[in-house]
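Under numbering that gives the first Met the number 0, the first residue of the sequence shown carries the number 0, and numbering increases by one thereafter.
Note that beta-carbon positions come from the ideal geometry of N, C-alpha and C, so glycine has one too.
Here the structure is a predicted model, which is why all the values come from computation and not from measurement.
Here is the structure we will look at, set down as structure tokens.
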Amino acid sequence: MFVTQLPLLSDLPTRPATGTMPLGPPVGDHGADVVYREIPCKTIIGRSPGAAGGGYPFSHTVNPYRGCEIGCTYCYARYTHAYLGLDDPFAFERQVFVKLGADRRVAHDLRDDHFAGAEIAIGTATDPYQPAERRYRVTRRILEKLAAFSGLTLSITTKSPLILDDLHLLLRLARKSTLTVHMSLISLDADVIRRLEPKAATPQKRLEAIACLARHGIRVGLFLMPIIPGINDDPRQIERLETAARRAGAAFVCKGRMNLRKAAWPVFARMLNTHYPEAANHFAARAERLTRA
Ligand code: SF4
0 MFVTQLPLLS DLPTRPATGT MPLGPPVGDH GADVVYREIP CKTIIGRSPG
50 AAGGGYPFSH TVNPYRGCEI GCTYCYARYT HAYLGLDDPF AFERQVFVKL
100 GADRRVAHDL RDDHFAGAEI AIGTATDPYQ PAERRYRVTR RILEKLAAFS
150 GLTLSITTKS PLILDDLHLL LRLARKSTLT VHMSLISLDA DVIRRLEPKA
200 ATPQKRLEAI ACLARHGIRV GLFLMPIIPG INDDPRQIER LETAARRAGA
250 AFVCKGRMNL RKAAWPVFAR MLNTHYPEAA NHFAARAERL TRA
């Protein structure tokens, strides 16, 4: 089979810094090469493209952190660091911005009728239960504020069993609002997960988290995105994953294809070239467009 060698980091054009947000001083060292930067939170409830008929099943988003240490190679949200002018392709997982005061901001904003009927998705561009949450509990504080309101429609998307630390809070939220948890998992193969999602929990731990949430009456589903050609798109594997999630207690399954953005390309291409060179052909045309853009 003809195997395409994909362009790597150094082949990509660099772009000028465009960000205006102050980066905040680095706080400590959290593992090999990750720094946290504490920043004051100015806005926390964002409007999603769905609000303008963009097809997303939520109208607003809340992202307690910016960047994500879990570091999925395909993560479409890497563009949020590129906007800041942080052009190191790995900055997304190595510089995590902690939004201090996000909970107060949420409480303040929700008093405004403007958000009546809002469908708020927590964790659309970061994982709200990534490792930083152990230290900062920004997500927990936000949920505590949300629990004071009723009639909200909330969803939380995560790959982390750390969400179980907030089980009592989730139960409190679910009593007054509609709450859904999306547990994100793209494969039952732990090797695939290690290559694509370097710091994510194992498939087994995520299935156990689904089971625990379901047992306690929290509505939880499997978020099977992205499905990536040549890597996790084997229909039999997908079926096994769906079956395992449903057996664990998943009430639904959301599936979706990959939204490969330019900011993710250097990281994804390196992973492909290292671990799945035979899958590179699927991405040759896309690589061409991304590296030309
Ligand atoms: S866990 Fe989510 S936000 Fe974090 S790197 Fe992975 S896909 Fe991106």
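| query | Over what stretch of residues does the beta strand (DSSP E) that includes Pro39 continue unbroken? | reply | 34-39
| Is it true that the segment 64-73 meets the segment 90-103, where meeting means three or more beta-carbon pairs spaced less than 8 Å apart? | yes
| query | In terms of alpha-carbon separation, which member of Ile155, Ile162, Arg246, Gly45 lies closest to Phe222? | reply | Ile155
| Since Ala124 contacts Thr79 with CB under 8 Å, what's their CB separation in whole angstroms? | 5 Å
| said: What does the Cβ neighbour count give for Pro234, buried or exposed, with the cut at 16 atoms within 10 Å? | reply: exposed
| task | Taking only runs that begin and end inside the segment 48-105, name each unbroken alpha helix (DSSP H) of 4 or more residues, in chain order. | result | 78-81, 90-93
| request: Compute every distance between the C-beta of Ile155 and the non-hydrogen atoms of the ligand SF4, then say whether any falls below 7 Å. | output: no
| task | Leaving aside the five residues before and after Asn231 along the sequence, list all residues of the same chain whose C-beta is less than 7 Å from its C-beta, in chain order. | result | Ile185, Ser186, Val191
| What span of residues does the alpha helix (DSSP H) with Glu143 cover, start to end? | 137-145
| C-alpha gap between Arg245 and Phe251, whole angstroms | 8 Å
| Sequence-distant residues of its chain with Cβ nearer than 6 Å to Tyr135 (five each side left out) | Val97
| field | Cut-off 6 Å between Cβ atoms - residues of its own chain near Ile162, not counting five sequence neighbours on either side | value | Tyr128
| request: Taking only the alpha-carbon atoms, compute the straight-line gap between Asp111 and His167 and give it to the nearest angstrom. | output: 27 Å
| query | Would the segment 72-90 and the segment 145-152 be scored as touching if the rule is three or more Cβ pairs under 8 Å? | reply | no
| field | As assigned by DSSP and simplified to three states, the class of Met257 | value | coil
| message | Please classify Asp177 as buried or exposed, where buried requires at least 16 neighbouring CB atoms within 10 angstroms. | response | Before going further, note that residue 177 is Thr rather than Asp in the sequence given. By the 10 Å Cβ count, Thr177 comes out exposed.
| field | Nonlocal neighbours in the same chain, by C-beta distance under 7 Å from Leu169, ignoring five residues either side | value | Leu178, Ile217
| said: Between the alpha carbons of Ala249 and Pro276, how many angstroms are there, rounded? | reply: 33 Å
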